[in-house]
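Down below is the structure, laid out as structure tokens.
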Amino acid sequence: QVQLQQSGTELVKPASSVKISCKASGYTFTSNYMHWIRQQPGNGLEWIGWIYPGNGNTKYNQKFDGKATLTADKSSSTAYMQLSSLTSEDSAVYFCARRGTTGYYWYFDFWGPGTMVTVSS
Amino acid sequence: DIQMTQSPASLSASLEEIVTITCQASQDIGNYLSWYQQKLGKSPQLLIHSATSLADGVPSRFSGSRSGTQYSLKINRLQVEDTGIYYCLQHYSAPYTFGAGTKLELK
Numbered sequence: 004q005v006q007l008q009q010s011g012t013e014l015v016k017p018a019s020s021v022k023i024s025c026k027a028s029g030y031t032f033t034s035n036y037m038h039w040i041r042q043q044p045g046n047g048l049e050w051i052g053w054i055y056p057g058n059g060n061t062k063y064n065q066k067f068d069g070k071a072t073l074t075a076d077k078s079s080s081t082a083y084m085q086l087s088s089l090t091s092e093d094s095a096v097y098f099c100a101r102r103g104t105t106g107y108y109w110y111f112d113f114w115g116p117g118t119m120v121t122v123s124s
Numbered sequence: 008d009i010q011m012t013q014s015p016a017s018l019s020a021s022l023e024e025i026v027t028i029t030c031q032a033s034q035d036i037g038n039y040l041s042w043y044q045q046k047l048g049k050s051p052q053l054l055i056h057s058a059t060s061l062a063d064g065v066p067s068r069f070s071g072s073r074s075g076t077q078y079s080l081k082i083n084r085l086q087v088e089d090t091g092i093y094y095c096l097q098h099y100s101a102p103y104t105f106g107a108g109t110k111l112e113l114k
């Protein structure tokens, strides 16, 4: 069965960076796009970007350009997101989500449990 | 960016009631629309994809429809386990955008 396992809660200082992980299992990691989504406290969902682990191609929401960097390690079936120059605005829960497809259409069919990042001095 | 205007923001309904949540897209997005349910402290779960297709394992009381650029999620015969926050998502063009969410509670 498909599972996405995310790394644990992070408490980080302003201006620092953090790298969170999303380990995939139960399917061929290189065959599906992996997306990342942010949820700030009490707020809705924002799409950050995607990575295609098969070739490392990425696409970002312009809002997160320079903030988020997506990478993937095929050998461990793990996707990563590094967030840099952290401010309190980056305090949020970050989800990875697998893209599933049916014909021409796609959707987020499996989600990780989320990683909470708190930025505080 | 494509805006998704979701309504209502919150909703209180009785058991067995019919509930409808809508999302209005700011432009044509075809059937590139999916619906998700999020329970407190959990990740969102897929309910409907391609605007009208029920995701695997989702109860048949959930259904999706489309009229032009307006999309609806309907829950027939509301159950206790249906409480939570519901989001629509357009994935027609990046940046992909979610509706603001509808908080569904039991009356």
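If you're matching them up, the sequences are chains A and B in order.
Convert by adding 3 to the 1-based position in the first sequence; the result is the number in the working numbering.
Convert by adding 7 to the 1-based position in the second sequence; the result is the number in the working numbering.
In this text, a Cβ means the ideal position worked out from N, Cα and C, and glycines have one as well.
{"Item": "Contact test: L86/A Cβ vs the ligand NAP heavy atom, cutoff 8 Å", "Value": "With respect to the ligand NAP, the structure shown offers nothing to examine, as it has no ligands at all."}
{"Item": "Distance CB(A95/A)-CB(M84/A) smaller than 9 Å", "Value": "no"}
{"Item": "Residues near L48/A by beta carbon distance below 6 Å, same chain, minus five either side", "Value": "I40 and Q42"}
{"Item": "Proximal chain B residues relative to L89/A, where beta-carbon distance stays under 8 Å", "Value": "Chain B residues near L89/A: none, gap ~21 Å exceeds 8 Å."}
{"Item": "Cβ-Cβ distance between I55/B and W42/B below 9 Å", "Value": "yes"}
{"Item": "Element boundaries [beta strand (DSSP E), containing D112/A]", "Value": "Y108 to W114"}
{"Item": "Alpha-carbon spacing of S74/B relative to V15/A, whole angstroms", "Value": "46 Å"}
{"Item": "Which listed residue (W53/A, T90/A and S88/A) has its alpha carbon closest to that of L73/A", "Value": "W53/A"}
{"Item": "For K2/B, three-class secondary structure by DSSP", "Value": "There is simply no residue 2/B to check, as chain B begins at 8 and stops at 114 in what is shown."}
{"Item": "Test item: CB-CB of Y99/B and N64/A under 9 Å", "Value": "no"}
{"Item": "Status (buried if at least 16 other CB within 10 Å, exposed otherwise) for L47/B", "Value": "exposed"}
{"Item": "E23/B versus Q86/B - alpha carbon distance", "Value": "6 Å"}
{"Item": "Three-way DSSP call (helix, strand, coil) for S21/B in this model", "Value": "coil"}
{"Item": "Neighbour-count burial assignment, G11/A, 16 or more Cβ in a 10 Å radius", "Value": "exposed"}
{"Item": "For T118/A, the first and last residue of its enclosing beta strand (DSSP E)", "Value": "T118 to V122"}
{"Item": "Opposing strand residues paired with H38/A [DSSP bridges]", "Value": "W53/A and A100/A"}
{"Item": "Start-to-end residues for the beta strand (DSSP E) that takes in F67/A", "Value": "Premise fails: F67/A is in no beta strand (DSSP E) and is neither H nor E."}
{"Item": "Burial state of L80/B (16 or more Cβ within 10 Å)", "Value": "buried"}
{"Item": "Whole-angstrom C-beta distance between S79/A and K26/A, which should lie under 8 Å", "Value": "7 Å"}
{"Item": "Alpha-carbon spacing of F67/A relative to S87/A, whole angstroms", "Value": "10 Å"}
{"Item": "Beta-carbon contacts of N38/B that lie in its chain and below 6 Å, excluding the five residues immediately before and after", "Value": "S57 and A58"}
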